[in-house]
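Q:
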Amino acid sequence: MELRALGIATLVGGLLCTTASSARAQDADVSDRLILGGEAAVMFPFTDPQIEEHYPGGTVSLAMQWPVTKFLMPLLRLRSGWLSPRQGSSAQLLSASIGLRFRPRGIAFPEEPSRASCIWAEVDASIASLNGALRPAYEVAIGFGFLVDDVTLGPVVRFIHVVEDSSSSELPTYVLTGGLEVLLNDAR
């Protein structure tokens, strides 16, 4: 009985390894390079009291995306942003994020060599520093990439929520960004 179970486990393990290496060979062109990106956007306060305390500001970010399939790309993002003061001082935002980008066209048209063009959606979890206080945050984004020569350019809209700090009087912060993303090193 033990030999039979060992044989079945070996067979199943071998099939899984063969399937994984076959899928990996098919997707070798997908994951052979990182996609590097930058984003510049206008940042708008979304709720009170931020609307009363701040004018719109700006944000920039740098990202690395690692395509694991034609439609899923885990990513790392560093962001810096600010809201201009209406009264008091400006709001400074720094964040480091880990996220996942979903590109549905990669499912519909897997033969396309580009990994970044067309519509996409993204969800990120972050550690953010808002005016010097570390707080958890998350981002949700949607965008569209257009191939322009060797780069991908496109609009992006992003919602950022910096969670309230239970140990202080800090309220949650909600901001909306709208801007342009540039991606380099996409497969051709």
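Residue numbers (numbering that gives the first Met the number 0): 0 to 187. C-beta: ideal position from N, C-alpha, C; glycine also.
So within the stretch 92–156, which uninterrupted alpha helix (DSSP H) runs reach at least 4 residues, ignoring any that extend past its ends?
A: Runs of the alpha helix (DSSP H) inside the stretch 92–156: 104–107.
Q: Can you give me the Cβ contacts of Leu61 inside the same chain, cut-off strictly under 6 Å, excluding the 5 residues immediately before and after it?
A: Translated into the one-based positions of the sequence shown, residue 61 becomes position 62. Once the five neighbours on either side are set aside, the close Cβ partners of Leu61 are Gly37, Leu77.
Q: Buried or exposed for Ile159, going by 16 or more other Cβ atoms inside 10 Å?
A: Here residue 159 is taken as the residue at index 160 of the sequence shown, counted from 1. The residue is buried, with at least 16 neighbouring Cβ atoms inside 10 Å.
Q: Buried or exposed: where does Ala136 fall if 16 or more other Cβ atoms within 10 Å of its Cβ makes it buried?
A: Your numbering for residue 136 matches position 137 in the sequence shown. Ala136 comes out buried.
Q: Assign Leu182 to one of two classes, buried (16 or more other C-beta atoms within 10 Å of its C-beta) or exposed (fewer than that).
A: Translated into the one-based positions of the sequence shown, residue 182 becomes position 183. The residue in question, Leu182, is buried, as its Cβ has 16 or more Cβ neighbours within 10 Å.
Q: Would a C-beta distance cut-off of 8 Å place Gln64 and Ile106 closer than the cut-off?
A: On the sequence shown, position 65 is the one that residue 64 refers to. On the sequence shown, position 107 is the one that residue 106 refers to. Not in contact: Gln64 and Ile106 (Cβ atoms no closer than 8 Å).
Q: What is the DSSP secondary structure of Gln64, reduced to helix, strand or coil?
A: By 1-based counting over the sequence shown, the position of residue 64 is 65. The answer is strand: DSSP assigns Gln64 an E or B state.
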